[in-house]
Amino acid sequence: MTEAPPSSREERILGIIETARAKRPRFRDEQVTMSHGAGGKATQSLIEGLLVPALENDALAALDDAGTVALNGTRLAFTADSFVVRPLRFPGGSIGELAVNGTVNDLAVSGARPLALSLSLILEEGLPAEELRREVEAVAGAAERAGVEVVTGDTKVVERGHADGMYVCTSGIGAVDPRAEMSPAALRPGDRILVSGSLGEHGTAIMLARDEFELEAEIESDTRSLWPAVDALLDAAGPSLRCMRDATRGGVASALNELARAAGVAMLVSEAAVPVHPAVAGACELLGIDPMYVANEGKLVAFVAPDDADAALAALRSVEGGEEAADIGEVRTEPPAMVLVDTAFGGRRVMDLLAGDPLPRIC
Amino acid sequence: MRFVDEFRDPELGKVLAGEILSLVEPGRHYKVMEVCGGHTHSIYKYGIDDLLPENVELVHGPGCPVCVIPMGRVDDGIAIAKQPGVIFTCFGDMMRIPGSHGSLLDAKAEGADVRMVYSPLDALRIAKRNPERDVVFFAIGFETTAPSTALTLKRARAEGVPNFFCMCNHVTIVPPLRALLDSPDLRLDGFIGPGHVSTVVGARPFEFIPADYGRPVVISGFEPLDVLQSIQMILAQLAAGRCEVENQYKRVVPYEGNLRALEIMAEVFELRPHFEWRGLGFISQSALALSEAYADLDAERRYEVPGVRVADPKACQCGEVLKGVIKPWECKVFGTACTPERPIGTCMVSPEGACAAYYNYGRYAREREVV
Numbered sequence: 016m017t018e019a020p021p022s023s024r025e026e027r028i029l030g031i032i033e034t035a036r037a038k039r040p041r042f043r044d045e046q047v048t049m050s051h052g053a054g055g056k057a058t059q060s061l062i063e064g065l066l067v068p069a070l071e072n073d074a075l076a077a078l079d080d081a082g083t084v085a086l087n088g089t090r091l092a093f094t095a096d097s098f099v100v101r102p103l104r105f106p107g108g109s110i111g112e113l114a115v116n117g118t119v120n121d122l123a124v125s126g127a128r129p130l131a132l133s134l135s136l137i138l139e140e141g142l143p144a145e146e147l148r149r150e151v152e153a154v155a156g157a158a159e160r161a162g163v164e165v166v167t168g169d170t171k172v173v174e175r176g177h178a179d180g181m182y183v184c185t186s187g188i189g190a191v192d193p194r195a196e197m198s199p200a201a202l203r204p205g206d207r208i209l210v211s212g213s214l215g216e217h218g219t220a221i222m223l224a225r226d227e228f229e230l231e232a233e234i235e236s237d238t239r240s241l242w243p244a245v246d247a248l249l250d251a252a253g254p255s256l257r258c259m260r261d262a263t264r265g266g267v268a269s270a271l272n273e274l275a276r277a278a279g280v281a282m283l284v285s286e287a288a289v290p291v292h293p294a295v296a297g298a299c300e301l302l303g304i305d306p307m308y309v310a311n312e313g314k315l316v317a318f319v320a321p322d323d324a325d326a327a328l329a330a331l332r333s334v335e336g337g338e339e340a341a342d343i344g345e346v347r348t349e350p351p352a353m354v355l356v357d358t359a360f361g362g363r364r365v366m367d368l369l370a371g372d373p374l375p376r377i378c
Numbered sequence: 006m007r008f009v010d011e012f013r014d015p016e017l018g019k020v021l022a023g024e025i026l027s028l029v030e031p032g033r034h035y036k037v038m039e040v041c042g043g044h045t046h047s048i049y050k051y052g053i054d055d056l057l058p059e060n061v062e063l064v065h066g067p068g069c070p071v072c073v074i075p076m077g078r079v080d081d082g083i084a085i086a087k088q089p090g091v092i093f094t095c096f097g098d099m100m101r102i103p104g105s106h107g108s109l110l111d112a113k114a115e116g117a118d119v120r121m122v123y124s125p126l127d128a129l130r131i132a133k134r135n136p137e138r139d140v141v142f143f144a145i146g147f148e149t150t151a152p153s154t155a156l157t158l159k160r161a162r163a164e165g166v167p168n169f170f171c172m173c174n175h176v177t178i179v180p181p182l183r184a185l186l187d188s189p190d191l192r193l194d195g196f197i198g199p200g201h202v203s204t205v206v207g208a209r210p211f212e213f214i215p216a217d218y219g220r221p222v223v224i225s226g227f228e229p230l231d232v233l234q235s236i237q238m239i240l241a242q243l244a245a246g247r248c249e250v251e252n253q254y255k256r257v258v259p260y261e262g263n264l265r266a267l268e269i270m271a272e273v274f275e276l277r278p279h280f281e282w283r284g285l286g287f288i289s290q291s292a293l294a295l296s297e298a299y300a301d302l303d304a305e306r307r308y309e310v311p312g313v314r315v316a317d318p319k320a321c322q323c324g325e326v327l328k329g330v331i332k333p334w335e336c337k338v339f340g341t342a343c344t345p346e347r348p349i350g351t352c353m354v355s356p357e358g359a360c361a362a363y364y365n366y367g368r369y370a371r372e373r374e375v376v
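Sequence lines, in order, name chains A and B.
Okay, so the first sequence: first residue is 16 according to this note's numbering, each after it adds one.
Okay, so the second sequence: first residue is 6 according to this note's numbering, each after it adds one.
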């Protein structure tokens with residue numbers, strides 16, 4: 016038996032790994048750990064290995080940011096989100112504002128104009144009324160800015176020691192815009208990858224606000240409604256807008272990986288084109304974190320056919336908060352389901368989902 | 006970022022890559038070991054490999070602090086973490102290292118109070134905020150991090166913090182390097198020396214490598230241009246027939262090291278007669294314990310720990326990977342039974358581990374085209 020040369024043996028092993036990764040992940044853990052909440056591979060195994068198979072239906076299996084339901088010919092987008100961020104207030108926002116924008120944005124990136132929200136509050140015994148009042152006002156303010164009404168809700172109180180002051184759950188419903196024809200399956204080689212602004216601000220702001228690192232920097236959460244950006248994109252690109260994702264937990268890197276897998280395409284990102292503010296870059300450098308994996312609460316990733324990419328980028332830049340929107344890369348064919356980066360230094364590497372580091376709760 | 010971006014300039018990188026190409030003899034294969042896991046991480050993160058000629062091979066070395074922690078020590082740490090009232094603190098990547106019955110992250114899910122810290126001083130601060138609890142810091146690392154642990158212990162003593170303890174797993178860099186050079190199964194042409202360790206110990210401790218083993222060493226910084234320049238300097242030594250310790254990281258590393266840090270370490274620590282290294286077995290005088298003067302802060306003396314040596318899982322080849330004998334992908338379980346989400350070995354957990362770096366960043370062969 017002759018041994019294959021090293022490079023082809025390496026190829027073969029890499030092939031086996033890619034085949035294994037293309038399969039639906041299984042949920043094999045004996046207990047829930049903080050990794051399952053980090054937005055990386057452990058979260059993926061929880062969702063795709065436990066929840067999707069148990070609740071099997073087409074809308075859920077699409078794993079979009081919102082599920083779509085048809086009602087008398089109207090397409091409705093429906094989504095839910097829970098907020099367990101600590102601290103409740105942080106530079107640039109608070110849990111109440113986040114709870115509105117998070118759900119509004121899941122609808123927006125599904126191409127749906129937000130119509131109505133629900134609001135559930137889980138309150139800890141002893142929470143000062145002043146803090147509660149402030150967060151309810153934050154909800155009201157954010158809802159007004161996003162042009163959406165909170166039409167129903169629920170309240171529960173739990174004993175002291177639970178719920179870190181308050182947890183907030185919202186759900187939202189929106190009408191899918193007739194201009195929107197989006198799905199991961201629509202991705203084609205050559206499509207451009209756009210981000211709607213500079214990355215990593217929300218997650219970095221929260222990590223610094225937790226006061227565990229003795230780092231000080233003026234970084235504010237980017238929490239805001241993405242509907243104006245989506246509205247502008249739909250106008251500028253219409254059917255050339257293939258697909259969008261809200262780059263929250265796990266950051267842009269995780270959003271790209273999810274879509275590369277869902278669509279069976281490769282993606283190539285140019286690191287030098289990724290907009291990151293110097294303060295965020297500096298804080299992430301010190302903490303050993305890549306800003307591409309850090310949560311945003313007001314940034315989307317959009318995939319646009321090449322001919323309309325410039326118009327789409329101009330549209331994003333015309334919206335408040337989108338001034339730094341950028342074209343960061345391209346959809347390719349091979350290797351399928353993988354995201355690669357051309358580093359600013361001139362090398363090329365993989366940008367995978369994170370395994371699930373025990374990161375602090377950021378949303 | 007000033008003082009960082011200058012060392013990531015792609016144009017200068019191309020110049021260095023050109024110089025490297027002009028130094029290699031066609032037909033000769035060069036094997037250069039980067040001793041330190043920080044270098045391994047940089048090499049993959051920036052794709053430095055892509056700028057090297059085909060016949061210059063980088064071999065990953067044993068200098069990853071998390072990777073060298075054996076399972077038995079993880080079990081001991083978990084045993085302390087599970088003691089009633091204990092707050093157990095460690096670096097983030099340590100939390101996912103598997104012991105024989107799960108990791109510290111699992112222990113946390115089962116109720117142990119395990120907290121991630123970025124420095125031992127964070128752990129001391131937690132101790133001061135929680136005077137009714139014992140706070141234990143799981144100290145790991147080479148001479149790089151040992152001084153900060155030592156300073157923290159000195160401060161705990163000076164400030165009279167009675168509830169701060171340390172489980173010391175600090176190791177030293179020279180003994181494993183010597184063990185590696187003595188092992189017959191590895192032929193190396195030169196070493197990229199560990200920059201951070203050298204800020205403390207200096208360059209002198211590495212003089213035995215050229216003197217006794219005839220191999221050049223270049224102490225290197227961690228930015229991509231640092232690493233490329235160090236490779237260039239090693240190849241220049243080989244081309245000129247020189248063999249010495251050179252210091253590429255002069256902006257940080259003094260040749261004599263940091264004498265003050267060494268003094269503090271000598272006061273707080275003492276050498277263990279022997280210490281088990283993951284996959285490498287016991288190496289004499291290769292690790293530090295708290296000295297008698299700090300015995301009352303020693304978590305290993307305060308708590309009963311199993312202290313049992315646990316054999317590595319049979320399939321795990323972390324030892325061979327740490328010695329650079331095999332490439333990560335040559336391990337029998339790489340990427341199949343052992344993945345970053347479900348690691349068997351330590352090298353698959355730490356971002357400085359060769360397997361994790363290769364899996365997360367490099368899992369894409371140079372020959373494959375992106376189309």
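We treat Cβ as the ideally placed atom computed from N, Cα and C, and that holds for glycine.
{"query": "Give every residue of the same chain whose Cβ lies closer than 8 Å to the Cβ of Gly207(B), excluding the five residues on either side of it in the sequence, and list them in chain order.", "result": "Val258, Pro259, Tyr260, Glu261, Gly262 and Asn263"}
{"query": "In the DSSP assignment, find the alpha helix (DSSP H) that holds Val79(B) and state where it starts and stops.", "result": "Met76 to Ala86"}
{"query": "Whole angstroms are fine: how far does the CA of Ser50(A) sit from the CA of Asn135(B)?", "result": "26 Å"}
{"query": "Name the one or two DSSP bridge partners that Ser235(B) has.", "result": "Partner(s): none; Ser235(B) has no beta bridge."}
{"query": "Cα separation between Cys95(B) and Ala85(A)?", "result": "51 Å"}
{"query": "What do you reckon, are the CB atoms on Tyr254(B) and Phe360(A) nearer than 8 Å?", "result": "no"}
{"query": "Quick one: is Lys56(A) near chain B, going by C-beta distance under 8 Å?", "result": "yes"}
{"query": "Reducing DSSP to helix, strand and coil, say where Thr17(A) ends up.", "result": "Bear in mind that the predicted position of Thr17(A) carries a pLDDT of just 44, short of 50, making it unreliable; the figure below should be weighed with that in mind. It is coil, neither helix nor strand."}
{"query": "Name the chain B residues that come within less than 8 Å of Met49(A), Cβ to Cβ?", "result": "Leu110, Lys113 and Ala114"}
{"query": "Assign Glu268(B) to buried or exposed, taking buried as 16 or more other Cβ atoms, counted over all protein chains shown, within 10 Å of its Cβ.", "result": "exposed"}
{"query": "Would a check of beta-carbon distances place Glu305(B) closer than 8 Å to chain A?", "result": "no"}
{"query": "If you compare alpha carbons, which of Ala361(B), Glu62(B) and Asp80(B) is closest to Leu233(B)?", "result": "Glu62(B)"}
{"query": "Which residues mark the beginning and the end of the beta strand (DSSP E) in which Phe213(B) is found?", "result": "Where Phe213(B) is concerned, there is no enclosing beta strand (DSSP E), although the alpha helix (DSSP H) it sits in stretches over Phe213 to Tyr218."}
{"query": "Have a look at Lys38(A) and Ala342(B) and give me their C-alpha separation to the nearest angstrom.", "result": "15 Å"}
{"query": "Please classify Phe287(B) as buried or exposed, where buried requires at least 16 neighbouring CB atoms within 10 angstroms.", "result": "exposed"}
{"query": "List the residues of chain A that Asn365(B) touches, going by C-beta distances under 9 Å, in chain order.", "result": "Arg364, Val365, Met366, Asp367, Leu369 and Ala370"}
{"query": "Please determine, among Gly77(B), Val122(B), Cys352(B) and Gly42(B), the residue with the shortest C-alpha to C-alpha distance to His201(B).", "result": "Gly42(B)"}
{"query": "For Ser289(B) versus Val273(B), is the C-beta distance shorter than 8 Å?", "result": "no"}
{"query": "Suppose you measure from the CA of Gly215(A) to the CA of Gly266(A); what does that come to, to the nearest Å?", "result": "7 Å"}
{"query": "Kindly list the residues whose CB is nearer than 7 Å to the CB of Leu328(A), restricted to its own chain and excluding five residues on each side of it in sequence; keep chain order.", "result": "Leu209, Ala340 and Asp342"}
{"query": "Could you check whether the Cβ of Leu406(B) sits closer than 8 Å to any Cβ belonging to chain A?", "result": "This structure does not reach residue 406(B), given that chain B is present from 6 up to 376, and the question cannot be answered."}
{"query": "Based on Cα-Cα distance, which residue from Thr118(A), Ala161(A) and Gly141(A) lies nearest to Gly82(A)?", "result": "Thr118(A)"}
{"query": "Please look up how many angstroms separate the CB atoms of Asp261(A) and Val124(A), rounded, as I've assumed it's under 8 Å.", "result": "5 Å"}
{"query": "To which residues of the same chain is Leu56(B) closer than 7 Å at the C-beta, ignoring the five residues directly before and after it?", "result": "Gly18, Ala22 and Leu233"}
{"query": "Which residues share a DSSP beta bridge with Ile208(A)?", "result": "Phe318(A) and Gly344(A)"}
{"query": "Near Arg128(A), which residues of its chain fall below 8 Å by C-beta distance, leaving aside the five closest residues on each side in sequence?", "result": "Leu122, Gly189, Ala190, Asp192, Trp242 and Asp246"}
{"query": "State buried or exposed for Ile31(A), treating a residue as buried only when at least 16 other CB atoms are found within 10 Å of its CB.", "result": "exposed"}
{"query": "Starting from the C-beta of Ala244(A), find all residues in its chain whose C-beta is less than 7 Å away, skip the five residues before and the five after it, and write them out in chain order.", "result": "Ser211, Leu315, Leu331, Val334 and Gly337"}
{"query": "Go through its chain and collect everything with a Cβ distance to Glu228(B)'s Cβ below 8 Å, but skip five positions before and after it.", "result": "Val9, Phe12, Arg13 and Ser47"}
{"query": "Could you pull out every residue in the same chain whose Cβ sits closer than 7 Å to the Cβ of Arg307(B), ignoring the five residues on either side in sequence?", "result": "Phe170"}
{"query": "Quick check on DSSP: helix, strand or coil for Asp187(B)?", "result": "helix"}
{"query": "DSSP three-state call for Met270(B): helix, strand or coil?", "result": "helix"}
{"query": "Mind checking which residues open and close the beta strand (DSSP E) that includes Glu62(B)?", "result": "Val61 to Gly68"}
{"query": "Assuming Leu113(A) and Glu146(A) form a contact by the criterion Cβ under 8 Å, report the distance between their Cβ atoms to the nearest whole angstrom.", "result": "Wrong, their Cβ atoms sit about 15 Å apart, outside the cutoff."}
{"query": "If you follow the alpha helix (DSSP H) that Asp250(A) is part of, which residue opens it and which one closes it?", "result": "Trp242 to Ala252"}
{"query": "Can you find a C-beta in chain B that's less than 8 Å from the C-beta of Leu283(A)?", "result": "yes"}
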